[in-house]
Amino acid sequence: MEKIASTDHPVLEILRKRWSPRAFSNTEIEKADILSLFEAARWAPSCFNDQPWQFIIATQDDEDNFHIMLDCLVEKNQVWAKNAYLLVIAVAKITFRTRESGNRHSLHDMGLAIQNLMLQATSLGLYTHAMAGFSVEKARENYEIPDDFQPITAIAVGYPGDPECLSPDLRKMEFDERERYPLRDFLYEQKWGKSFLS
Ligand SMILES: Cc1cc2nc3c(=O)[nH]c(=O)nc-3n(C[C@H](O)[C@H](O)[C@H](O)COP(=O)(O)O)c2cc1C
28 MEKIASTDHP VLEILRKRWS PRAFSNTEIE KADILSLFEA ARWAPSCFND QPWQFIIATQ
88 DDEDNFHIML DCLVEKNQVW AKNAYLLVIA VAKITFRTRE SGNRHSLHDM GLAIQNLMLQ
148 ATSLGLYTHA MAGFSVEKAR ENYEIPDDFQ PITAIAVGYP GDPECLSPDL RKMEFDERER
208 YPLRDFLYEQ KWGKSFLS
């Protein structure tokens, strides 16, 4: 199902196309395409080129591992994410690899890598849905994630499914219009709060 963003100004078509559905089909994603997603993430820019992104993945082909990852999600996300073929937990290295200090840009750079992954997915006819709703503690425990790495986001990835399979409340959200604040609310000049578009 498509939900093309109706933008106020022209943007790349792929940005208009990406959205976060909850109706996924469990159709297999070719391994080559899975690798392309993470290759796209790999080429994100990062502070000092430190590349703080790490990913743990589970596919429906490996039922046991899939359930271990699914179990990290909150129930509200499990109910729909269980249908996606691929689940991902994105983990940031919060200290620099090459210097002795914390990397306060690691979450920023993780976000850039994830957006690369998401847009690559869109170009492959796949959909993605990021989730804050997962247990960081469970992820840490299940995957023995060291202290200087922080689980940031879980992501469901898959081909589109039938919205009729969703519960009525989720189905409604699936058809809700996509909304964003207008540019005048966040694009300033001269001083904080003075809109560039006034
Ligand atoms: C970091 C992050 C965490 C999110 N967490 C959840 C979540 O736990 N559950 C959920 O259903 N959607 C989650 N979302 C999806 C957002 O609600 C969605 O991206 C937003 O409403 C904009 O919709 P769009 O992606 O379709 O444009 C999350 C998105 C991001 C980027």
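Residues in the sequence shown are numbered consecutively from 28, following the numbering used here.
All C-beta atoms in this analysis are idealised placements derived from N, C-alpha and C, irrespective of residue type, glycine included.
Taken in chain order, the whole beta strand (DSSP E) runs of length 3 or more contained in the region 58-132 are 80-86, 113-120. The region 163-177 and the region 93-108 touch, with three or more beta-carbon pairs separated by less than 8 Å.
Distances from the CB of methionine 158 to the heavy atoms of ligand 1 include at least one below 7 Å. Where alanine 32 is concerned, there is no enclosing beta strand (DSSP E), because DSSP gives it neither an H nor an E.
By the neighbour-count criterion, in which a residue is buried when 16 or more other Cβ atoms sit within 10 angstroms of its Cβ, asparagine 104 is buried. When DSSP reads this structure, serine 47 sits in no beta bridge, so it has no partner. According to the DSSP assignment, proline 195 belongs to the alpha helix (DSSP H) that extends over 195-202. In the three-state DSSP reduction, valine 184 falls in the strand class (E or B). Proximity of the beta carbon of threonine 180 to ligand 1 is indicated: a heavy atom of the ligand is located closer than 7 Å. At the C-beta level, threonine 149 and isoleucine 182 stay beyond 8 Å of one another.
Here glutamine 217 is exposed: its Cβ has fewer than 16 other Cβ atoms, across all protein chains shown, within 10 Å. In terms of side-chain proximity, the C-beta atom of serine 222 is found no nearer than 7 Å to any non-hydrogen atom of ligand 1.
Setting aside the 5 residues that flank it on each side, tyrosine 170 is surrounded in the same chain by Ile83, each with a C-beta closer than 7 Å to its C-beta; the list follows chain order. Between leucine 193 and glutamate 204, the C-beta gap is not smaller than 8 Å, which leaves the two residues out of contact.
The beta carbons of glutamine 81 and phenylalanine 176 sit closer together than 8 Å.
For isoleucine 31, the number of other beta carbons within 10 angstroms of its own is below 16, and it is reported as exposed.
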